[in-house]
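Novice:
Numbering (the working numbering), first residue to last: -5 to 87.
1) Would you kindly check if the distance between the Cβ of residue 11 and the Cβ of residue 84 is under 9 Å?
2) Once DSSP output is grouped into helix, strand and coil, what is the label at residue 22?
3) What is the DSSP secondary structure of residue 61, counted as helix, strand or coil?
4) Just reading off the alpha helix (DSSP H) that residue 4 is part of, what are its end residues?
5) Work out the CA separation of residue 55 and residue 14 for me, nearest whole Å.
6) For residue 47 and residue 32, what's the separation of their Cα atoms in angstroms?
7) Give the DSSP bridge partners of residue 68, in chain order.
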């Protein structure tokens, strides 16, 4: 079986979202125009900061999130509108 590059990317995106904490991070980031830093996400999820960092790293590596630095803080946000729409659709199921 030959898997197309686009199909492989979609499968990896869905796989990256397939954890309750990561889905919650994404849901919380949808309305966050400027994104959130790790501390804010940690307070929202009430899980250890190291776990938040691992989830954010995976989401960023998969291309779902991007980040920007503001001084010493790094703010994470959903990379594009299509991804936001996909997340909203998944959360509506």
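Think of the CB as a built atom: it goes at the ideal place given N, C-alpha and C, for glycine as much as any other residue.
Specialist: Once the coordinates are examined:
1) Within the chain shown, the letter at position 90 stands for residue 84. Within the chain shown, the letter at position 17 stands for residue 11. Contact: yes.
2) On the chain shown, residue 22 is found 28 positions in, with the first residue counted as 1. Three-state DSSP puts residue 22 in a helix.
3) As a working note, residue 61 is residue 67 in the chain shown. It is a strand residue.
4) Position 10 of the chain shown, counted from the first residue, corresponds to residue 4. Its alpha helix (DSSP H) spans residues -1 to 10.
5) Looking up residue 14 in the chain shown gives position 20. Looking up residue 55 in the chain shown gives position 61. The alpha-carbon atoms of residue 14 and residue 55 are separated by roughly 18 Å.
6) Position 53 of the chain shown, counted from the first residue, corresponds to residue 47. Position 38 of the chain shown, counted from the first residue, corresponds to residue 32. The alpha-carbon atoms of residue 47 and residue 32 are separated by roughly 7 Å.
7) For the purposes of this step, residue 68 is taken as residue 74 along the chain shown, with counting starting at 1. DSSP lists 63 as partners of residue 68.
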